[in-house]
Structure formats: C-alpha cells, structure tokens
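Below is one structure, written out as structure tokens, with a few remarks after it.
Residue numbers (my numbering), protein chains in the order written: chain R, 2 to 490; chain E, 154 to 851.
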C-alpha cells in the first residue's frame, strides 16, 4: 500500500512541478498532496537526517557496532559463569525444583538421568573488577576491566535457527530485518563508499560439522535492499562479482552504469517500484566499492606488533582473528555495523576437547580487538558485543565420565559480554542460581538487549517503526526494556 | 454531618454522564425534523417522542448539574455562565415539546429548534471549559515554534526542578515497579509520604531530614544516595534539593516567584539550561561544508548540535573558515587522517561547545596543543602524531579533558609512566605490547595445483600475508635455513625434486618447513591393471552416492587429484580412485625399469569421508619364473592427532630396485576397519576406504 501511495504522490508532484509547470500554484498543491513530508522531501536545505526517521531521538553514546556472534551456543558454565556447586555435586541429578518443567530438545528429552556437571576447567578472578573467567580464555581474562558481563541473558527459542533469527531480528520466524539492517535504515551510513552493514564469517575448529549459517540472518527483510548486510569473503574476491569483467575498463564501467541508470530511471517513472531506486543505488555503491573494498581488505599496511597482538591467525584470511582485525579496519572507515559470525560452539558431546579448540579460535582475537579499538580511541563510540544464541545446560548430555561430558541447549540463562559504546566497563549484570540454571537477579531478555543497544545509538526502540503489510514493525516487537544499570554514567 | 447534601453531591457526579442524553437526542430529533420537512415523509410521531425525551434528559441533566455545583470544589463564578445557559436550554427544550403539540407550529417550531441547538452548544462549550480548562481548544500552540525561554519569573519548583532531578538520578530505583525501601519518588504525594524508614523530611529540624542526610553522607556509606555505583548528584543539584527542603518549599506543590538577581534564580536558570539552547546552524553553511567533504550528523533531534567529520584527506584554509561558521554548533569534530597542521590548529580555540576532538594521524605537533584551550573538551585523540610530553603538559594547563588518546606519539615509555602517575585514568598510551608473544610464521604455500610435470615446470609461492618475509628453499632434500636460497621469482624445475621451504623474518619464529615432492612424469608405464572390483558405492554426502567404476586411468593421468572433502562434488571426487573392504592392488608393465629408483603413492586421509592411509604399502616385482617377490615395503603408523575435519594429502615414497622387473605389483594394505584409537572414535568399527590419486614411478 505504501508503495502505491508513494507512486501516486510521486506522480502528482511530477505532474504539477515538471510537466505542466504550474509554478507557485503547483508548488502549493505539491505540498498539499504531501503535507507532512511522508514522501520525498521538498526542502531546499541539506538533509542532515541520513535515514527516513527523525533520529537520533536523543544524544547517542555510540556510532558503530561490532557484533561478535558466537554461533552454536557457547557453554557459559565452562567460560564465564562460575558454579563451584556443580563441581561439588557432580553426577547428581538435576532436581525438578530447579528444572521446573523446562522443555528440553529432542536430543536430551529421552535421557532418564540428568546428572549435573561443573566445568573441568579452572576459574580464576581477574582484574580490578574481579571477574571470574575460566582458563579457556587467557587473553580475554586480561581485559576483563573493559568488559560488561551479562550473566542473565535469556531467550525464548531452544534451537539454533529460531534462536539466532530471534537474536538478529527480534522474531523467531524468518522475514524480519536484521539489527544491522534496522540501524542502516534508521541511522543511515557514515561512509558513502562502503555498505553500512558488513558481515564476516569464520568456521570454528571446535566442532567437525558446525551448524550452517544462511544469508537471511543478515537480510533486510521488508526494508529496502540497500540495508542488506554485505558479506565480505576471505580470498581473492572479498565481494563476489564486484570487480569488472576482464577487458572492461573503469571508464567503460562508468559509462555502462550511467546508461543503465537512465534506463532504470525511465523504468521507475513508469512503474514506480521503489526497489528500482534501491537497485540504482546498489550499482553505484558497488562501483565505489571497487576501490574501497580492496583497500580495506589489504592488511599489508598493518605493522607487525598489531598482527602479533591479534595472534597467529591474524594473517590467515578467513579465520576469526583475521576477521577481528578486518572488523577494526572497517570500523576505522566508519562502517556502521560489522557482524562477525563464528560457528562451532555447539558442544553436545566431547565438550572439554572441542571447547578448548573453539575458545582458542576466539580468545586472542576478541581481546586484541577490544584493546586495539581502545588504544585508537575508537572504543569510546564503538559497541562490541560477544555472545551466542543461547547457553548450555548444567546437566550432561550423553554419558558423563571423569574427563568427558556434553551439554544441550539452554535458553533460560547464559552469558554474553559487551565493551565500549557507553556500556559500563568492569561490571557484571545479573546472576544465576547455584545450579547455573535459572536467573535469580536482573534478567535480560533478547529484546532488552536490542532495546539497550538501540538506546546507545540515540534511538528509542519504541519509536523506530516500519509499517508494512498493514501493521507496524519494531526490532523489539512489542516488548524490550532499556537496562539502564549497564550504562556507563 | 449533613448526609443529604453529601448524597446529593454524589448523585451530582453523574451530571457528565447524563448531559449527553439531551445533546444526542436533540440533534437526532432535529435530523428527523429536517428529513420529514424536505423529503416529505411524516415522522411526526418520532419527532414527538424525540422532543419529549430531550426534555426529560435536559431536566435530569440540569438537576444533576445543580447538585454537582453544590460541591465547594467549584467556584460559582466560573460556572455561572454554564449554569444559566443550562437553564435556558432546559426552558427552550420545554418550549419545543409545547410547540410540537400546537397546531400552527411549523416555522415557529423549526426556529425554536435552531435557537435551542445554539443554546445547547453554548452550554456544552462552557461546561467543557470547566472540566478540560479554557486552553483545551486553543489553536495558539499549533503553529507556534517551541519557545526558548529566557525570561523566567516564576517556577513550579517541585515539577520543574525536584522532579527533574529525581527523574534523572533516583526514579530508576524508586518507582511503581521497583520501589527500593518502599520509597517512591515519582509522585509528589508519595515523596511526602516517605518509605519504610518513615518520612524523608523533618519539619522541626529541616537539615536533619532523611533526604538531606542521605545525599550528604560519605560516598562509602551504605545509606548514601544515590548508591556508590550510580550516577551521583551534582553540587548544583544538591544545592537545589537542599534549598527545596530548608526553605520549606517542599510543603506545597505549585508555582512560586523568582526574585531578580537572586542566587536561587541563577541556580535554577542554570539548572534548566536557559540560555544554553543553541541556535540552529545556517542551512547554506552546512550545504557548503557538505559539498567540500565534511560529513555532518545531528547530535540529537532538537538540540541543534552537530557532529562533524572531514571525509577527505586534504583540508584547505577555506574549509577551516567554513567550519568556523558553525563553530557554535559543533560538539564533535573529527579531522583525523588529514593534513591538518599546527597552523590550522590555531582556530581550535574558537569552538565553544566542542566535547570530542579527533586529530589522530594528522600533521600536528606540540604547537597545536597550545591552541586547545576549550574548557568543554572531554575527549582528545592525538594518536600517531608528533605530539610530545611538553605538548600534553601545556594542554593540561588550559583545558581539562577526561580522556586523552596518545598512542604512537613522541612520548617515550619513561614519560608515559611519569604522565600516567599524574593522572592515571586520563592517558591512553596503547596496549600493543599486551599480547606480544613471539609468533610463528605460517609455512609457505605454492600456487601450483599439480605437482607432476612433463619437461619443465615453474614453481610459484603464494604471496605471504606478513610483510618482508623471506622464503628460503632447497631442492635437494636438505633442511632449508638462512643460508638456503631465497625465493624471488618462480623456480624453474626440469627434473623430479624435493622442494623444502620455510618463511623467516626477524622478530618471528621460523615457520614450519613446507615439503612437496615435485615429480617429472617420464612415461614409464606401458600397461596397467587395477585388480580391484570397483563396484562399491561411495557416499560423498547424505544423499549422493557413486562408484569408482571405469575410473582406473585416473592414477596414471599425470595429474594430482582435486582437494576433496565430504560434500565435495562428484567430479572432484572422481579425480581419485577409492577401494573399500579390500587392499588396493595395481599391476604395471614398465618401460626402462632400470632408470627407476622410486615409487610414490599419493594418498588421502579424511575421517569425515571415512578414508584413511593404508596400514602398509608393498611393492612386488615379477621374477622370471612368473612369481611376484617382495621388493620393498613401508609400514604407515596411524596418525597421532589427526583433525577429524581436515583432509590430509600425502605422498608415500619407497625406494625400489627394478633392474630385472618389467612387471611390478603395488599393494596398499587396507586397515579394513578404522583402527581402535581414541582419535578415530567416531568412525570406530566402520569400513575404511583407501583413496589414491596417483601412482608414480621415477
């Protein structure tokens, strides 16, 4: 419907302003047709508003996000949420009074016993904030005073696809825009030469065949395709089909694009499909990216001490550490939303061996990224989020032996951490019970996290709305509360 | 107590309900009158019922209205007009009832009806003004721009000052849903009521009330409010709260006047931010800046402040002049990665509201630091510039930033420590050395996909990702070290060679050695035969199976197989030859066997594909009596720590003396089942495959 309206509005204005040249009368009529400026603005002054919404609602603390998504569901009980009680009572069954009829996945619902188990890894306290971190994260433990742990995250979904979709779009069902798309739509781009939402993928070494990822996780949903996440690959062609075909020079490309744009504009006049405009912009963006992308992807100008900081994988393209380094380079170029996905955190069995490799993948890169942003003064206004789609159970999936155990999906409580972007550093929010099963203090729902994230960008999550298919949509759907306790004063 | 009066007043409260009856009824009846008159239908009966019902409604509404007016909450002066208008409306509707019963009525009735409706409208309007206030329908605010109040003679102290402070600092813990200590600060009456410890005020000794006591307690005291980890009250806010209590203003809500040139007035004005509001920047100035490469973003929706960044590399003096036109609006200025220099820096002092200033990677030095005198500055970034200790010290004399980023500046480590001791939280000199363990370089890789060649081949190494790496290599099988040849251009090979290479760089650990046998294909094979039945199907992924039938030639095609893995395409998998449940057995007829010294099998191990290196390789030669004799064998130990996901491609070479053997048989002995080792626990008891992509005699 909105498209139709826009079409008629456009036509009306064109009619009056251009073709018939009604002059002042036409102008007056033009603004009568669109008195509140819902269509294209007629203002003469420069448009400071990058997006279509009057944003920011209030002064923002952050400008950019790096979301280090740990796909698969990292075991909070082996990394950050220290539960000595579980070690003490290792092997005893999870009491019903704790489980409270919580639904289980098909992978453990058939088990007749639910023996709880603590971590076989040791925990120690670090930093001035005395945060508990296990031995699996030796580098992250050095930077805990920059981090804000949220130990009381909880979600509604219990399986990977709906849970990741929920985190990324605020809905368990596919079809809504990803957070990055919402932010691109609402806040606009900070750099015209790069997409405002960029995605980098890496495969974890923990699990032989990790859960797959799919491009709709960074999809634009019902928003214009301009706001879609753009995946940068490792290797020769970071963005597929971006370079000119062999034998086509930059000039020829320019001419071709100009001609194509005029054809598209003619088409747009006839049909008024807004996606045609998006397509024209996408072509132009791709043209600019032909120079900006190779520049940002080439790490040969990084000094050795920076490579050393990110660790041995920093110069192996496609690894998590290399992607962390790239994320920093993209943030320096003012990309609004950089999303990393690291797969392989799904330790149903053989957890002790798998999670060690998995933690090794991410530990140094994550810590280095945070400290590198900090020393460049970028952490001030860059929000870094590290976390998965849910946590893992306190009871063992499969057979519990002295050296081996597995953990199933656990949506009721898990841990994520954040840094920078006006979030309180050296802080821990929320608590779980002695079993590490239920939240006993300050719960943080996925929508709360999203609301808090938007808040840091000066956006009232209840006011960033897109109307389509006859209803109004928000990232936080119909809930979400800004958790002010984790905001730095 | 006069209960009758109270009851009447109570009944009167239904006046707003009942009054809508005559309004609706009169309008409906008037519609019926019009319809009957102009459409020539007789609706007289309905109209009769209508006017009578209206009269009844009007009577009831008037009576109830009178009862309501008995309540002293209403000043008779304000409702006088409504009262009399109501009476008039009642009389007029009575007249309608009468007129409708009279014979000669038509025009008079219609006229009276119109007058009644007018009276009704006036009554209704006046009544609504009593409930909603006179400003309710005022259109003045519709077209008015939000006014910036400079003059302020009176103030609603609780709502404008105290509530604003509470809202900002206290209400997050003391509200309807979260009421710490049972105390709520979101409503005036509840503020007065206090919490579980009692009232916050002490009327006799105002300074000793809980509110003031708690906000002045030492920060570490448990009762200090707001709590230690929350945002604290500013001195100004403490002063304003103290004044509110000690002056007794807290006792009542409502407006009070402000005396000119009074401390209170100046504090209140400064708190309310009067006069702080910034004028919006000139549109044409902004357009000009944007055209010359500045990115401009609003700070927040209505504060007119701007965040500005220069997106190009070369700033000019004109750009700086243009920038000065919006100096009052700029709250954040980012000139990083430009040619901004000490000379241009002299303008920095002119930005009165600047909070964040980014000058990293510019041409500035200490001279620029002297120009930064902005008291509003909170964050300064001078990373990767020539600023030194002197510059930072002179900066601190004139300005009081909260954070300075000075990584990679001319401040040496000793000076860094000294500066950090002055203000520990102020300086950030970087943390590059935090995780600076010595790292190993990754082993070099070659770009050639096929390591078998005819005549000659150019071997080319991949460009290393780390700068200034030297790749040292050998071709004779010896271990490469710093003395070995350095790779510069592709290496030309004309005979089979063992290529070994490693990456070396100062400050890094040497990489592991890269090893690759490069084979020359000399066409020794005259004829061959694979003795295996190749009809077993191989499952490359969940739903895709195929067999290696008719695939024998692949091991002599002079090409290495593709890099395969589970889920790879059939075309790639078919560059290999696989057997299961049997040993791989190949018989070959050779040409010039005396020139052959080695036989090499190129094999694959990948647990996901259920493929493992053979247990043993045996090479037999046919003796003149037609029997095969064992010439050499090689036992292959099970891999120690294979990664279950990785494909291992490896060449196994056996030395052979084939002088008298034109016919040779090569056997790769299969494990048959996966070995019972922990690393293979997933494949335990499964049939194992042997994969070979090439058999080379050289």
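The beta-carbon is built from N, C-alpha and C at its ideal position, and this holds for glycine as well. None of the values given here were measured: they were computed from a predicted structure.
Please state whether the Cβ-Cβ distance between residue i and residue j is less than 8 Å.
| i | j | result |
| --- | --- | --- |
| residue 479/E | residue 512/E | no |
| residue 370/R | residue 421/R | no |
| residue 118/R | residue 397/R | yes |
| residue 375/R | residue 328/E | no |
| residue 53/R | residue 453/E | no |
| residue 201/R | residue 328/R | yes |
| residue 395/E | residue 322/E | no |
| residue 613/E | residue 628/E | no |
| residue 488/E | residue 515/E | yes |
| residue 240/R | residue 290/R | yes |
| residue 455/R | residue 448/R | no |
| residue 626/E | residue 653/E | yes |
Got a sec, what are the start and stop residues for the alpha helix (DSSP H) residue i sits in?
| i | result |
| --- | --- |
| residue 191/E | 173–191 |
| residue 274/E | 259–285 |
| residue 325/R | 321–333 |
| residue 222/E | 197–222 |
| residue 158/R | Here residue 158/R belongs to no alpha helix (DSSP H), and DSSP marks it neither H nor E. |
| residue 343/R | Note, residue 343/R: premise wrong, no alpha helix (DSSP H); beta strand (DSSP E) at 338–343. |
| residue 372/R | 352–376 |
| residue 219/R | Taken as a continuous stretch (DSSP letters only), residue 219/R belongs to no alpha helix (DSSP H), as it is neither H nor E. |
Quick one: residues in its chain with C-beta nearer than 7 Å to the C-beta of residue i, no 5 flanking neighbours on either side, listed in chain order?
| i | result |
| --- | --- |
| residue 239/E | 215, 218, 276 |
| residue 104/R | 159 |
| residue 399/E | 359, 360 |
| residue 603/E | 712, 713 |
| residue 299/E | Note on residue 299/E: pLDDT 47, under 50, position unreliable in the model; the coordinate value appears next. Nothing listed; no residue qualifies. |
For residue i, which of the options has the nearest alpha-carbon?
| i | options | result |
| --- | --- | --- |
| residue 690/E | 641/E, 758/E, 762/E | 762/E |
| residue 181/R | 264/R, 225/R, 310/R, 92/R | 225/R |
| residue 828/E | 692/E, 839/E, 820/E, 579/E | 839/E |
| residue 450/E | 191/R, 146/R, 485/R | 191/R |
| residue 247/E | 211/E, 235/E, 230/E | 211/E |
| residue 485/E | 466/E, 527/E, 445/E | 527/E |
| residue 624/E | 546/E, 751/E, 643/E, 758/E | 643/E |
| residue 630/E | 670/E, 607/E, 639/E | 670/E |
| residue 308/R | 594/E, 461/E, 332/E, 379/E | 594/E |
| residue 418/R | 154/R, 338/R, 245/R | 154/R |
| residue 219/R | 195/R, 254/R, 165/R | 165/R |
Please list the terminal residues of the continuous beta strand (DSSP E) segment that includes residue i.
| i | result |
| --- | --- |
| residue 239/E | Element bounds for residue 239/E: not the beta strand (DSSP E) but the alpha helix (DSSP H), 229–254. |
| residue 657/E | 650–657 |
| residue 847/E | 842–850 |
| residue 627/E | 623–627 |
| residue 68/R | 65–71 |
| residue 396/E | Premise fails: residue 396/E lies in the alpha helix (DSSP H), 388–399, not in any beta strand (DSSP E). |
Please return the same chain residues whose Cβ sits closer than 6 Å to the Cβ of residue i, not counting the five positions on each side in sequence.
| i | result |
| --- | --- |
| residue 160/E | none |
| residue 461/E | 447, 449, 483, 486 |
| residue 368/R | 140, 141, 144 |
| residue 95/R | 115, 117, 396 |
| residue 717/E | 725, 726 |
| residue 358/R | 206, 207 |
Closer than 8 Å by C-beta to residue i: which residues in its own chain qualify, once you throw out the five before and the five after it? Chain order, please.
| i | result |
| --- | --- |
| residue 381/E | 372, 373 |
Restricting to runs no shorter than 3 residues, where is the beta strand (DSSP E) found entirely within the stretch 759–838 of chain E? Inside the stretch 759–838 of chain E, DSSP marks whole beta strand (DSSP E) runs of 3 or more residues at positions 769–775, 781–788, 801–808, 816–822, from first to last along the chain.
Please give me, in chain order, every unbroken run of the beta strand (DSSP E) with length at least 3 that falls completely inside the stretch 417–456 of chain R. The stretch 417–456 of chain R contains these whole beta strand (DSSP E) runs: 428–430, 440–442.
Unbroken stretches of the beta strand (DSSP E), 3 residues or longer, contained in the stretch 415–480 of chain E: 447–451, 459–463
Ranges of the beta strand (DSSP E) found wholly within the stretch 572–616 of chain E, counting only runs of at least 3: 610–612
Note down, one range per segment and in chain order, each beta strand (DSSP E) of at least 3 residues found wholly within the stretch 86–162 of chain R. 124–127, 132–135, 148–155
Hey, which unbroken runs of the beta strand (DSSP E) at 3 residues or more fall wholly within the stretch 667–737 of chain E? Complete beta strand (DSSP E) runs here, min 3: 667–673, 678–683, 730–733.
Identify every run of the alpha helix (DSSP H) within the stretch 333–368 of chain E, keeping only runs that are complete inside it and at least 4 residues long; order them along the chain. For the alpha helix (DSSP H) assignment, the uninterrupted runs of no fewer than 4 residues enclosed by the stretch 333–368 of chain E are, from N- to C-terminal side, 341–346.
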